[in-house]
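Those letters in the sequence shown? Residues 1 to 333, by this note's numbering. Structure first, then comments.
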Amino acid sequence: MKVSFKELGLVNTRAMFAKAVKGGYAIPAFNFNNMEQLQAIIQAAAETKSPVILQVSKGARNYANQTLLRYMAQGAVEYAKELGWKKPQIVLHLDHGDSYELCKSCVDFGFSSVMIDASSLPYEENVKLTRKVVNYAHKYDVTVEAELGVLAGVEDEVSSAVSHYTKPEEVIDFVKKTKCDSLAISIGTSHGAYKFTPEQCTRDENGKLVPPPLAFNVLKAIEKKLPGFPIVLHGSSSVPQEYVDMCNKYGGKLPNAIGIPEEQLRKAAKSAVCKINIDSDSRLAMTAAVRRHLAENPGHFDPRQYLKPAREEMKKMYIHKIINVLGSNGKAR
Ligand code: G3H
Ligand code: 13P
Ligand code: ZN
């Protein structure tokens with residue numbers, strides 16, 4: 001049976017993005033796979049009154065079960081109200097949808113937003129598939145994110161990464177033909193906790209790795225072509241050194257993990273970038289806290305004992321992003 005996101009108390013991204021672009025801030029898009037992540041996200045959004053996008057990847061659907069995740073998101077709206085957030089603005093979004101069928105099934109299942117990621121296909125095929133998804137989604141007022149350009153992989157050379165950047169000369173034609181509601185672009189971010197090799201970085205006076213800056217010239221050129229159009233940044237975790245160090249101190253092995261410096265994300269959030277995707281930082285916060293707790297309390301075996309501090313650490317991280325990086329606090333009162 002089909003269900004509309006509106007019946008679940010969710011919202012799509014249209015008004016949220018328009019407001020964010022005008023206001024010079026970005027909406028956090030946090031991935032979730034389990035209850036503790038969801039609780040931390042909702043607590044952080046409710047406390048800061050920030051609009052929030054709950055992202056479900058194909059991997060999350062496989063891990064946690066799509067039905068369960070959807071009901072969890074529905075429950076999250078009620079939970080947010082219970083926490084005193086009178087008008088929660090929560091989007092349930094499919095992250096990196098890779099087929100029409102998957103996007104359609106999410107639309108039918110109560111998602112308020114879907115991403116069709118056809119960025120690895122040739123341009124015309126990307127246009128065709130994206131258009132097909134948009135045609136279906138818009139019938140139900142579900143918004144669609146598309147992608148142009150390929151996010152660099154960690155193995156890429158800096159020079160070959162450049163050739164994957166979104167081509168500003170393609171964006172007008174793409175948006176016109178597909179009628180997508182937002183566009184994910186490639187300007188030097190990438191997924192995971194190893195966004196750059198040490199060879200791609202320089203070192204500061206303390207020997208700390210400093211990654212190359214994002215291609216703000218490409219972002220500017222895209223903004224000029226599509227004034228006011230919502231732009232999305234994937235792969236935007238900062239990979240906080242404190243979490244990497246905490247993981248490594250308590251038995252982990254994360255050598256040379258490196259992310260996007262926060263000042264660069266702050267700059268992006270003030271531009272047409274109105275959705276910033278963060279997943280890895282949540283994984284790191286959770287794992288670091290669990291490792292520390294178990295190392296310091298070897299006798300503990302009740303999962304609540306180590307998942308509680310893990311949830312608290314994630315919540316702290318989400319609040320920090322909302323207030324100090326994206327600037328979305330107070331935008332959903
Ligand atoms: O874009 C990737 C997200 O971090 C989701 O990752 O596919 O491992 O759930 P996942
Ligand atoms: P990170 O791996 O940088 O957190 O990116 C997540 C993301 O882009 C999800 O789509
Ligand atoms: Zn992504």
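Ideal Cβ positions, reconstructed from N, Cα and C, are used throughout, including at glycine.
ask   = Would you call Val210 buried or exposed, if buried means 16 or more other Cβ atoms sit within 10 Å of its Cβ?
value = Numbered from its first residue, the sequence shown carries residue 210 at position 210. The residue in question, Val210, is exposed, as its Cβ has fewer than 16 Cβ neighbours within 10 Å.
Beta bridge counterpart(s) of Pro28 as assigned by DSSP = Counting from one through the sequence shown, the residue named residue 28 turns up at place 28. Note: Pro28 sits in a beta bridge opposite Ile276.
request  = Could you check how far apart the C-beta atoms of Lys58 and His93 are, in whole angstroms? I think they sit under 8 Å.
outcome  = Position 58 of the sequence shown, counted from the start, is the residue given in the question as residue 58. Position 93 of the sequence shown, counted from the start, is the residue given in the question as residue 93. 13 Å between Cβ atoms; not a contact.
ask   = Per DSSP, which one or two residues make a beta bridge with Thr143?
value = As a working mapping, residue 143 is identified with position 143 in the sequence shown. Thr143 is bridged to Ser113.
query = Which runs of the alpha helix (DSSP H) fall wholly inside the stretch 30-84 and span at least 4 residues, in chain order?
reply = 35-48, 58-64, 66-82
ask   = Thinking C-beta only, is Gln39 closer than 7 Å to Ala332?
value = For the purposes of this step, residue 332 is taken as the residue at position 332 of the sequence shown. For the purposes of this step, residue 39 is taken as the residue at position 39 of the sequence shown. The answer is no: Cβ separation not under 7 Å.
ask   = Going along the chain, which unbroken runs of the beta strand (DSSP E) with 3 or more residues stay wholly within the stretch 187-272?
value = 231-233
ask   = Secondary structure at Ala23, three-state DSSP: helix, strand or coil?
value = Here residue 23 refers to the residue found at position 23 of the sequence shown. It should be noted that the sequence gives Gly, not Ala, for residue 23. Helix at Gly23.
request  = Take the Cβ of Ser237 as the centre, count every other Cβ of all protein chains shown within 10 Å, and call the residue buried at 16 or more, exposed below.
outcome  = As a working mapping, residue 237 is identified with position 237 in the sequence shown. Answer is buried; the Cβ neighbour count reaches 16.
inquiry  = What does the alpha-carbon distance come out to for the pair Gly110 and Phe174?
reply    = For this step, residue 110 is matched to residue 110 along the sequence shown. For this step, residue 174 is matched to residue 174 along the sequence shown. Taking the straight line joining both Cα atoms gives about 27 Å.
inquiry  = So Ala146 and Thr178 are supposed to be a Cβ contact under 8 Å. How far apart are they, rounded?
reply    = Numbered from 1 along the sequence shown, position 146 holds the residue referred to as residue 146. Numbered from 1 along the sequence shown, position 178 holds the residue referred to as residue 178. Indeed, because the Cβ distance is near 6 Å, the residues count as touching under 8 Å.
ask   = Is Val173 helix, strand or coil by DSSP?
value = Numbered from 1 along the sequence shown, position 173 holds the residue referred to as residue 173. Looking at the sequence itself, residue 173 is Asp, so the reference to Val does not match. Here Asp173 sits in helix by DSSP.
ask   = Would Ala184 count as contacting chain D if we go by Cβ distances under 7 Å?
value = The chain inventory of the structure shown lacks chain D, comprising one protein chain alone.
ask   = In chain order, what residues have a CB nearer than 7 Å to some heavy atom of ligand 3?
value = Asp95, His96, His191, His234, Gly235, Asn277
query = In terms of residue numbering, what span does the alpha helix (DSSP H) encompassing Ser105 cover?
reply = By 1-based counting over the sequence shown, the position of residue 105 is 105. Ser105 -> alpha helix (DSSP H) spans 100-108.
query = CB-CB under 8 Å to Leu226, same chain, minus the five flanking residues each way: which ones, in chain order?
reply = Taking the sequence shown and counting its residues from 1, the one referred to as residue 226 is at position 226. Correct list, in chain order: Val171, Ile172, Val175, Leu183, Ala272.
task = Run the proximity test for Asn31: is its beta-carbon closer than 6 Å to any non-hydrogen atom belonging to ligand 1?
result = Working through the sequence shown from its first residue, we reach residue 31 at position 31. Under cutoff, so the answer is yes.
request  = Please confirm whether Lys315 and Ala44 have their CB atoms less than 7 Å apart.
outcome  = Reading the sequence shown from its first residue, position 315 is the one you call residue 315. Reading the sequence shown from its first residue, position 44 is the one you call residue 44. Cβ distance < 7 Å, so Lys315 and Ala44 count as in contact.
key: C-alpha distance - Val154 paired with Glu82, whole-angstrom precision   = The residue given as residue 154 occupies position 154 in the sequence shown. The residue given as residue 82 occupies position 82 in the sequence shown. For Val154, the predicted structure reports a pLDDT of 49, less than 50, and the residue's modelled location is therefore unreliable. The matter cannot be settled from this model.
query = Cβ of Pro51 within 7 Å of Cβ of Leu326?
reply = In the sequence shown, residue 51 corresponds to position 51, counting from 1. In the sequence shown, residue 326 corresponds to position 326, counting from 1. The answer is no: Cβ separation not under 7 Å.
ask   = Below 8 Å, can you find three or more Cβ-Cβ pairs linking the stretch 216-233 to the stretch 282-295?
value = no
task = Please report how far the alpha carbon of Val162 lies from the alpha carbon of Val150, in whole angstroms.
result = Numbered from 1 along the sequence shown, position 162 holds the residue referred to as residue 162. Numbered from 1 along the sequence shown, position 150 holds the residue referred to as residue 150. Only weak support exists for where Val162 lies, its pLDDT of 45 falling under 50; the value from the coordinates is given anyway. Distance between the alpha carbons of Val162 and Val150 is about 10 Å.
key: Ile185 versus Ala269 - alpha carbon distance   = Locating residue 185 in the sequence shown gives position 185, counting from the first residue. Locating residue 269 in the sequence shown gives position 269, counting from the first residue. Taking the straight line from one Cα to the other gives about 14 Å.
key: Rounded separation between Phe32 and Ile278 - CA only   = Counted from its first residue, the sequence shown places residue 32 at position 32. Counted from its first residue, the sequence shown places residue 278 at position 278. In a straight line, the C-alpha of Phe32 is about 10 Å away from that of Ile278.
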